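First to last, the sequence lines map onto chains D and S.
Just so you know, this note's numbering puts 43 at position 43 of the first sequence, and the rest follows in order with no gaps.
Each position in the second sequence, counted from 1, maps to that position plus 1000 in this note's numbering.
Note that beta-carbon positions come from the ideal geometry of N, C-alpha and C, so glycine has one too.
Since the model is a prediction, treat every value here as computed from it, not as a measurement.
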Amino acid sequence: MAATSTYMASTNFSMLGWRGSKRELRKRSVFSVSSQQAEVEEQAKTEKATEVNDAKQQAKATTPLRPVEPQVNVKSKNMGREYGGQWLSSATRHVRIYAAYIDPETCEFDQTQMDKLTLILDPTDEFVWTDETCNKVYSYFQELVDHYEGAPLTEYTLRLIGSDIEHYIRKLLYEGEIQYNMNARMLNFSMGKPRIGFNYNEGQIQDVQ
Amino acid sequence: MQGRLSAWLVKHGLIHRSLGFDYQGIETLQIKPKDWHSIAVILYVYGYNYLRSQCAYDVAPGGLLASVYHLTRIEYGVDQPEEVCIKVFASRRNPRIPSVFWVWKSVDFQERESYDMLGISYDNHPRLKRILMPESWIGWPLRKDYIAPNFYEIQDAH
């Protein structure tokens, strides 16, 4: 199943105030109830008809997902100057993180809701994703978001999170949990050539004899 | 060994230290950060009307940060213009050096780059902010104790 998935984590921080010119992420301790609601939003491509909404069947010892509830009537704000004229993002090949709400069906991009982070996982379909591996990445994303709670909401922090997720995807690939999608549009093996019988844990140190 | 400018500065009672000559025979002086702005004005009045380059470097791990200025005296009918190299050292804890933007305007971007790469904050610079790195970047990349973050880059794609 090759799916382009979006996942919105309700972050534990919200943009409550502007301190000088720095944006601060603050803990939303008061509204912790709303950040406990869980739902996964998957936007499938044409071959995938049904949506998957499961937060229960995750593997143990992972951070439970706390996605944002879907909204109706989301409008693209067109990133106009009246909203600051900019948006925060971290875009690498497999991970795109936006500090915005993106509607999973209509792809409306509301970048004024900066208390939410949206993860678009593997938009170029380089890997074969299942629900389980998607959820692993999502829960790792949630874990990282919790870990970076209190950090300033800047591109730098988003890039740290995005890079960690990329490293995590690479680890999943090396452990054989996800595979390259051989029907991808570009087949350039951006995380290393496919190997057989390669174990990430054993083969990590490969010195030249 | 004392160069011409050093002798001239000594004659006018201006505090500096001569660092000798570089490989092209250009006189090199060290000036304290607190004296640098006034001496820059004096050097401009003396005739150094052209700032050829400004750069900065990290002297040693845990040591000082240096900001280097190459000044040239441009005149008509001179094919060997007078040159001098000024080094200003600042402590790593609180690197503050007065900006010479208001003396030589061409130092604008170069001081911003020095700020970006080494974190030397130039006082009185009109828009001192990062110029090469993203504005939200943390850390000073050309310092010797800088540790690059583990950002994901595509290296294996082919």
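- Within chain S, the C-beta atoms nearer than 9 Å to that of D:Leu160 come from Pro1149, Asn1150 and Phe1151, in chain order.
- Between the segment 1101-1108 of chain S and the segment 1043-1055 of chain S, the count of C-beta pairs closer than 8 Å reaches three or more; the two stretches touch.
- With a cutoff of 7 Å on beta-carbon distance, D:Leu153 and D:Ser90 are scored as not near each other.
- By DSSP's assignment, S:Ile1120 forms no beta bridge with any residue.
- Contacts with chain D (Cβ-Cβ distance below 7 Å) from the segment 1115-1144 of chain S involve Pro1134, Ser1136, Trp1137 and Ile1138, listed in chain order.
- By the Cβ-count criterion, D:Arg195 is exposed, with fewer than 16 other Cβ atoms from all chains shown falling within 10 Å of its own Cβ.
- Contact residues of the segment 135-150 of chain D toward chain S are absent (C-beta to C-beta distance below 8 Å).
- In the structure shown, the three-state DSSP call for D:His167 is helix.
- Put simply, the CB of S:Ile1015 is far from chain D, with every gap to its CB atoms at 7 Å or more.
- For S:Asp1079, there are no C-beta contacts with chain D under 8 Å, since the nearest C-beta of that chain is about 50 Å from it.
- Listed in chain order, the non-local C-beta contacts of D:Thr92 below 7 Å within the same chain comprise Gly162 and Glu166, local neighbours out to five positions each way being set aside.
- Counting the other CB atoms within 10 Å of its CB gives D:Ala100 a total of 16 or more, which places it among the buried residues.
- In the pairwise beta carbon analysis, the segment 178-188 of chain D is classified as not touching the segment 1011-1025 of chain S: fewer than three pairs are separated by under 8 Å.
- Listed along chain S is no residue with a C-beta nearer than 8 Å to that of D:Tyr98; the closest approach is about 15 Å.
- Annotation for S:His1037: no beta strand (DSSP E) segment contains it, though the alpha helix (DSSP H) segment containing it runs Pro1033 to Tyr1046.
- At least one C-beta of chain S is nearer than 7 Å to the C-beta of D:Gly192.
- Distance from the CA atom of S:Gln1155 to the CA atom of D:Arg96, rounded to whole angstroms, is 18 Å.
- By the neighbour-count criterion, in which a residue is buried when 16 or more other Cβ atoms sit within 10 angstroms of its Cβ, S:His1012 is exposed.
- The shortest CA-to-CA distance from S:Asp1116 to any of S:Arg1073, S:Val1010 and S:Trp1140 is the one to S:Trp1140.
- Per the coordinates, the alpha-carbon of S:His1037 lies some 54 Å from the alpha-carbon of D:Lys171.
- The Cβ atoms of S:Ile1031 and S:Ile1086 sit closer than 7 Å to each other.
- The Cβ-Cβ distance between S:Thr1028 and S:Arg1052 does not fall below 7 Å.
- As DSSP reads the structure, S:Ala1056 sits in a beta bridge with S:Ser1067.
- At a C-beta separation below 9 Å, D:Ser163 has these neighbours in chain S: Pro1149, Asn1150, Phe1151, Tyr1152 and Glu1153.
- Around the beta-carbon of S:Trp1008, fewer than 16 other beta-carbon atoms lie within 10 Å, marking it exposed.
- Residue environment for D:Asn73: exposed (fewer than 16 other C-beta atoms within 10 angstroms of its C-beta).
- If you draw a straight line from the Cα of D:Ile120 to the Cα of S:Ala1040, it comes to about 54 Å.
- C-alpha of S:Glu1082 to C-alpha of S:Asp1145: approximately 37 Å in a straight line.
- Assignment of S:Gly1003 by DSSP, reduced to helix, strand and coil, places it in the coil class.
- Between D:Gln71 and the set D:Glu132, D:Thr106 and D:Gly192, the nearest pair of CA atoms involves D:Thr106.
- The Cβ neighbour count for D:Thr118, taken over all protein chains shown within 10 Å, is at least 16; the residue is labelled buried.
- D:Leu65 counts as buried, since no fewer than 16 other beta carbons sit within 10 angstroms of its beta carbon.
- Relative to the Cα of S:Pro1033, the nearest Cα in the group S:Asp1079, S:Tyr1122, S:Phe1151 and S:His1070 belongs to S:Tyr1122.
- Note on D:Phe127: 16 or more other CB atoms within 10 angstroms of its CB, so buried under the neighbour-count rule.
- A straight line joining the alpha-carbon of S:Pro1095 with that of S:Leu1065 spans about 7 Å.
- Taking a contact as a CB-CB distance under 8 Å, the pair D:Gln142 and D:Thr63 counts as one, their CB atoms being some 5 Å apart.
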